[in-house]
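Novice:
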Amino acid sequence: MITLNRLNVFFKRILYRKTYICMLAFLIILTTTYKLLPAKKQTADIKVAIYNEEISQYSEDMYTCFDEINTLYNFYPVDSKNELIDVVQSGKVECGFFIPADFYINYISGSNDTPIVMYNTPASTLSSAICETLFSCILKVCSPDILTYAIDATAHNQYLMEKMEEYINSDEIFTLESLADGEFSFHEETYHINIPVYEISIILIIFASLLGLLIYLQDKEKGIFTALSRKELHAIKLVSIFTALFPILVVGFVCNIIISGLSHSFSLLLISLVTFIATIISSLIIRKSTHLNKVLPLVMLISIIVIFLGTLI
Amino acid sequence: MNNIKTTFRLLLTNMKRLKHYILQIIISVMVLLSICSLAGYCISKKLYEEGTAAIVKVAYYLPEDEDEKFNNFGLRIIKELDGTKEVAELIEVETIEEGYELLEKGEVLYYIIVPEMFFSGIMDSTNPELTVLFRDNTGIGSYISNELFLSYARYLGMAQSGVYSALDTLRQYDYPASDISDAQGNVNMTFLDRSLNKDSYMEKADATEAGSFTLIQRYLAAALMISLFFVSFVIMPYLQGINKGIRTKLYTLSTGHFHIFIANFLSCIPALYMAFVPCYVVLSIICKTFNPLGLITVLPAILVISLIINIISSICQNEFTSNMTILAVTLIIAYIGGGILPQAMLPSGIQGISSYIPGNYLITTIASAIFGA
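Residue numbers (our numbering), protein chains in the order written: chain A, -3 to 309; chain B, 8 to 380.
(1) According to DSSP, simplified to helix, strand and coil, what is B/M232?
(2) Can you pull out the residues from the region 58 to 86 of chain A whose beta carbon lies closer than 8 angstroms to at least one beta carbon of chain B?
(3) Please list, in chain order, all residues of the same chain as A/I303 whose beta carbon is under 7 angstroms from its beta carbon, the five residues on each side excluded.
(4) Please state the DSSP three-state secondary structure of A/F180.
(5) Count the C-beta pairs between the region 39 to 58 of chain B and the region 106 to 124 of chain A that are closer than 8 angstroms, then say yes if the count reaches three, no if not.
(6) Residues in its own chain within less than 8 angstroms of B/I84 by CB, not counting five upstream and five downstream?
(7) Are the C-beta of B/M352 and some C-beta of chain A separated by less than 8 angstroms?
(8) Going by DSSP, name the residue or residues bridged to B/T138.
(9) Put A/T186 into one of helix, strand or coil per three-state DSSP.
(10) Along the chain, where does the alpha helix (DSSP H) that runs through B/I343 open and close?
(11) Would B/L18 and B/S329 qualify as a contact pair, given that the criterion is a beta-carbon distance under 8 angstroms?
(12) Counting only beta-carbon atoms, is B/S172 nearer than 8 angstroms to chain A?
(13) Could you check whether B/F156 and B/L116 sit closer than 8 angstroms to each other, using their CB atoms as the reference points?
(14) Tell whether a beta-carbon distance below 8 angstroms holds between B/V336 and B/I309.
(15) Would you mind telling me which residues of chain A sit closer than 9 angstroms to B/D200, beta carbon to beta carbon, in chain order?
(16) Name, in chain order, the residues that DSSP records as bridge partners for B/N78.
(17) To the nearest angstrom, report how far apart A/I301 and A/L292 are at their CA atoms.
(18) Is B/S158 near the ligand SAM, judged by its Cβ being under 7 angstroms from some heavy atom?
(19) With B/L231 and B/C286 assumed to form a contact (beta carbons below 8 angstroms), what rounded beta-carbon distance in angstroms separates them?
(20) Considering just the uninterrupted stretch of the alpha helix (DSSP H) at A/L122, what are its terminal residues?
(21) Examine chain A for any beta-carbon lying closer than 8 angstroms to the beta-carbon of B/R16, and answer yes or no.
(22) Since A/A45 is in the beta strand (DSSP E), which residue starts that stretch and which ends it?
(23) Taking three-plus beta-carbon pairs below 8 angstroms as touching, is the region 170 to 181 of chain B in contact with the region 64 to 73 of chain A?
(24) Check whether the Cβ of A/T186 lies closer than 8 angstroms to any Cβ atom in chain B.
(25) So with Cβ pairs under 8 angstroms, would you call A/H287 a contact of chain B?
(26) Tell me, please, which residues DSSP counts as bridged to A/P73.
(27) Below 8 angstroms on the Cβ atoms is my contact criterion, and I expect B/D89 with A/S139 to pass it. Report the Cβ-Cβ distance as a whole number of Å.
(28) Along the chain, which unbroken stretches of the beta strand (DSSP E) at least 3 residues long are found entirely within the region 94 to 120 of chain A?
(29) Exposed or buried, which one is B/H266 when buried takes at least 16 other CB atoms within 10 Å?
(30) Just the chain A side, please: which residues come within less than 7 angstroms of B/R161 by C-beta, in chain order?
(31) Which residues bound the beta strand (DSSP E) around B/V65?
(32) Contact defined as beta carbons within less than 8 angstroms: I believe B/T304 pairs with B/A376. What is the distance between those atoms, to the nearest angstrom?
(33) Which residues in chain E sit within 8 angstroms of A/I112, going by Cβ to Cβ distance?
(34) Could you tell me how far apart the beta carbons of B/L334 and A/M296 are, in whole angstroms, since I believe they sit closer than 8 angstroms?
(35) Straight-line CA distance for A/Y163 to B/F198?
(36) Pull out every residue of the region 345 to 378 of chain B whose Cβ sits closer than 7 angstroms to any Cβ of chain A, in chain order.
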């Protein structure tokens, strides 16, 4: 009966704390937001960003070539080099190409003074294959000029270029018909925006547990429990930690079931148990609320780093 | 005048009290920096997991004819290209039937049967047809390899067009046979260079190393920013140490909240600077950089951090609330400023508000101070 009364009092106490109400509300809002957010379309669209420092007929013809060959890759222009680097870093594109001014002129004459810069990340898997498509188009738009450069016959340049255009568009040269004409869809699946409710639940459980200990230590320092025996003091400590941990565990448990079914429920219970035990053990070392006040942010920081890093790794 | 005097005396008292915190500040900032840097390093290494493209297996049959030498030469070039290595694995079969078997078993996606006199046919523009059989042409792998082979075919087509155009033109204008032969070789070599020698016309750059600072430098700067914010856990008793009794006394001397805030704000700056200097030295040694000007250029960042810490400590009633608020605010500032994930990876809504939050400014200023602009 005494234990029940204590539980009742401690539950009321913890649930009146603004910090605690905020924690519970945060979890509930997060879960509701997740449920209300529309599922996004997963896309297999392979995007490639290009920044052309020089706007010339060559660069315009290159985009025309991409359209003509109906390339699998979605080459699109960006407005600056920084934007190009940003989109590659963000993983929004497979890779990015920076085409400097005078590149085309130098390429035609075989000079490598202003090379194209291909930006990729270790996650890029198709950059070399994409590069072949890009260069095949660059070669196509530059080929008449490359030809006149290769042959020292300035007087006949016009004729050479006309002939080149004629052959490029004729059936006499080697071509390969596209084989991939199956019904592959670039928009295959749908997925929900990932909100780390499970990870946040764990962090809040750890925090709540330490908050329970802090409240107990503060009460003890105020002399509220002076009349109690050592054994009863220990029981109060357990009740304080348990009552701080339990509501957040229940809410976290329900939120996780709503989001991902029962897959995380067992581990959440296990983590709560471990946290409960760890807090009791740490209470043997930390005996003053001022000490816990100093340690608490560091513990929380390490927990956040370990939990989120664990998810990332 | 009295107000200024009292504020100044309060500031002096605060500075004297600061002496007792020096060791704690240095130890804690080094511990925090180690933890945050380690986390940043792990994230930077794991953020762009090395990916592998799905390799498509392609079988081919080469006939034993006069062109075998040229066919093999061409194939060797194709096999050596980075694009081929990345996407396709070419497997030669001895007989036409063997290729069919591989295709039937699903061991290869494509089967290419090279016709007899293929190379000669390309040279004399009869262009014998290649037979390409496929098992499945609906997967992304088949689309990628198809695109690759189309690019190679385009190279070949361009080179062919160049050679034919040159021959037609030079013959039209009655050039001597030796000149025509030279020109043919020249055109061949030029087109071969422009299509296959791409490495000369292109540089590869890791986007994570591009920009003003590399990814790891940004993470180290973010780690230092977070550590400086968290130094407040140590100095919070110092900032909130003006208890009720002292406050009442200060009020009688016409010193209000604002003066206490100013005194705390100013005395917090040397505390943060003291925390910054050892971190600056350690990071400079680790990263082998030396930017003495950074010891001055970092001051605006320290002022901003000090201001944020003092605003929070003034608003919050006790140490616990202040510490937890600083923890939450710091993580939010670091996240929005690109200290946890690169800014480009953040949702567009967050990117939109990042210019109004000092996170990116603080990280960039600290990074410039340590690694140079």
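Positions of the beta carbon are idealized from the N, C-alpha and C atoms, including for glycine.
Specialist: If we stick to the structure as given:
(1) helix
(2) I65, T67, L68, Y69, N78, I81, D82, V83, V84, Q85, S86
(3) E195, I198, I199
(4) Note that A/F180 scores a pLDDT of 49, beneath 50, so its modelled location is shaky and nothing firm can be said.
(5) yes
(6) L203
(7) yes
(8) B/I120
(9) Because A/T186 carries a pLDDT of 49, less than 50, the predicted location of this residue cannot be relied on, and no value is offered for it.
(10) 326 to 343
(11) no
(12) yes
(13) no
(14) no
(15) G106
(16) In DSSP, B/N78 forms no bridge with anything.
(17) 14 angstroms
(18) Ligands are entirely absent from the displayed structure, and the ligand SAM is therefore not among its contents.
(19) 5 angstroms
(20) Premise fails: A/L122 is in no alpha helix (DSSP H) and is neither H nor E.
(21) no
(22) 43 to 48
(23) no
(24) A caution first: A/T186 carries a pLDDT of 49, below 50, which makes its placement in the model unreliable, though a value can still be read off. No, A/T186 does not count as interfacial toward chain B.
(25) no
(26) A/I46
(27) That pair is no contact at about 22 angstroms.
(28) 112 to 116
(29) buried
(30) S132, K136
(31) 63 to 68
(32) 5 angstroms
(33) In the structure shown, chain E cannot be found, because the protein chains are A and B.
(34) 6 angstroms
(35) 15 angstroms
(36) P349, A351, M352
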